[in-house]
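What follows is a single structure, written as structure tokens, with notes after it.
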DNA sequence: CTGAAAACTTGGAGTCGTTGCAAACTTTCA
DNA sequence: TGAAAGTTTGCAACGACTCCAAGTTTTCAG
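Chains as they are written, first to last, in this note's numbering: chain A, 2 to 216; chain B, 2 to 216.
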């Protein structure tokens, strides 16, 4: 069924990717604010309107793939193993990502350049926060569903806040360390330490929340 | 010395206040995005440039007084009593604010209208997040200073994340409840319950962090 | 194969936030 | 009282973003 893809679909995907690539290149080179949409359009050999056709706002040209990170925590929680609580699963997955030096947590060589572009552009930072908020809301409903909590129970939201705090703290920490061009292995090692510290700070109730019964 | 205020200073303060009032009124009436800066200027009987003279961006016309909330948590922590930890002080102050139905935590009749304006305008929401981030950074340095932590110690940042999480969770919860036009007393009472739940979720280390020695 | 329908692209005009500049005006103060 | 300093204003301009009315390209039924 993958072969059944019309010319139109393929072209659209290509155009979109091409615009995104050109834009990302320009942003990395000169910063987010210094690049204008008109420039991107010219460099990508399309009209300004076509750019807006694919990307609702300038930020989306750089921060595509935000959907992946939005439900990442929810996926971790839903995939928790027998005997594991929500926090256990999140910590295990995050540790695995750190150990595996996964790009999903920012552990790859180019991440420093990305971070710089983001931190320098106020618009990109707020888009990032918006994504975080969506992730938090997503996780809240996941936890509520998994524990069959009552609608007015505030605990799912509170625990979601804690787990999402661990995630964003980890990402932020890795980001600032990577910007200092440190060795990836070293950053990864210290990130594990950070996760340990964060885990120690969690309350017992949070640590045990939404435990899946052992089989 | 308060009497020693030149005409110039007084006029400036008045103009600023007047513009802010006019703008706030228009925003409450028709929403943030529907009101243009040119309109505000016309309604306030000044030029557009004068508006920008006092307020760097449109959001500042509505979210003035952000500085107060930025160092609020730091103030709470610095003012902790003998025997109290940072978390103790924050919780005590927040409970006092809730019980006293203080506007600083959103417990007053007009808050619902404010919230609606904010939640409807993406620009205002991200400004709010920016303020939260500043508050978090502020609290981090305060905790680091108060505990004389080493520069590379991540714990102050982690604990700051927890305390600031309590604060923002409380504010967010009150906000959504107030939008439903519920009775303020009732919202306040339930907010105390929320604070209790949040406190129970905190880890022992967080609860005890930066305890001031009993006298 | 063909021709119209549907989808995509484009140029152009316009709105709004925001900045820079220089002229005009007001307050201060010697 | 007059120059210095600070404030206000109009004007021009830039860039993100939207709307609209042509074109162009791709699809697909007949």
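Built from N, CA and C at the ideal position, the CB exists for glycine as well.
Output yes or no for whether 8 Å exceeds the beta carbon distance between residue 63/A and residue 105/A.
With respect to residue 105/A, residue 63/A sits apart: the two C-beta atoms are not nearer than 8 Å.
In the DSSP assignment, find the unbroken alpha helix (DSSP H) run with residue 12/A in it and report its ends.
Judged by DSSP secondary structure, residue 12/A falls within the alpha helix (DSSP H) whose first and last residues are 8-31.
Quick one: does residue 130/B have its CB under 8 Å from some CB of chain A?
The beta-carbon of residue 130/B is placed less than 8 Å from the nearest beta-carbon of chain A.
Which class does residue 4/B belong to by DSSP, given the choice of helix, strand or coil?
Residue placement at residue 4/B is poorly supported in this model, since its pLDDT is 44, which falls under 50; the coordinates still yield a value, given next. In this structure, residue 4/B counts as coil in the three-state DSSP scheme.
Where does the unbroken alpha helix (DSSP H) through residue 177/B begin, and where does it stop?
From DSSP, the alpha helix (DSSP H) with residue 177/B extends over 156-180.
I need the straight-line Cα distance from residue 209/B to residue 88/B, nearest angstrom please.
Taking the straight line from one Cα to the other gives about 7 Å.
Identify, in the order they occur along the chain, each residue of the same chain with its Cβ nearer than 6 Å to the Cβ of residue 141/B, setting aside the five sequence neighbours on each side.
Excluding sequence neighbours, residue 141/B sits near 157, 158 and 161.
Is there a C-beta anywhere in chain A that falls below 8 Å from the one on residue 148/B?
Answer no: the Cβ-Cβ gap between residue 148/B and chain A never drops below 8 Å.
Positions along the stretch 205-216 of chain B whose CB lies within less than 9 Å of some CB in chain A:
Under the 9 Å Cβ criterion, the stretch 205-216 of chain B contributes 205, 206, 207, 208 and 210.
May I have the straight-line CA-CA distance separating residue 42/B from residue 18/B, to the nearest angstrom?
The C-alpha of residue 42/B lies about 13 Å from the C-alpha of residue 18/B.
Measuring only the C-alpha atoms, how far is residue 32/B from residue 114/B?
Take the alpha-carbon of residue 32/B and the one of residue 114/B: they are about 10 Å apart.
Closer than 8 Å is the cut-off here; do at least three beta carbon pairs connect the stretch 196-210 of chain A with the stretch 35-55 of chain B?
As far as the Cβ criterion goes, the stretch 196-210 of chain A does not touch the stretch 35-55 of chain B, which means the pair count is below three.
Do residue 84/A and residue 192/A count as a contact pair if the criterion is CB distance below 8 Å?
Not in contact: residue 192/A and residue 84/A (Cβ atoms no closer than 8 Å).
Continuous alpha helix (DSSP H) stretch holding residue 190/B: start and end:
Going by DSSP, residue 190/B is part of the alpha helix (DSSP H) stretching over 185-202.
Where residue 15/A falls, given that 16 or more other Cβ within 10 Å makes a residue buried:
So residue 15/A ends up on the exposed side.
Which of the three DSSP states, helix, strand or coil, is assigned to residue 122/B?
Coil at residue 122/B, not helix or strand.
According to DSSP, is residue 94/B part of a helix, a strand, or is it coil?
In the structure shown, the three-state DSSP call for residue 94/B is helix.
Excluding five sequence neighbours on each side, which residues of the same chain lie with their C-beta closer than 7 Å to the C-beta of residue 96/A?
193 and 196, listed in sequence order.
CB of residue 171/A within 8 Å of CB of residue 78/A, strictly:
Pairing residue 171/A with residue 78/A gives a Cβ-Cβ distance that is not under 8 Å.
In terms of residues, what are the limits of the alpha helix (DSSP H) holding residue 206/B?
Under the DSSP assignment, residue 206/B falls in the alpha helix (DSSP H) whose first and last residues are 205-209.
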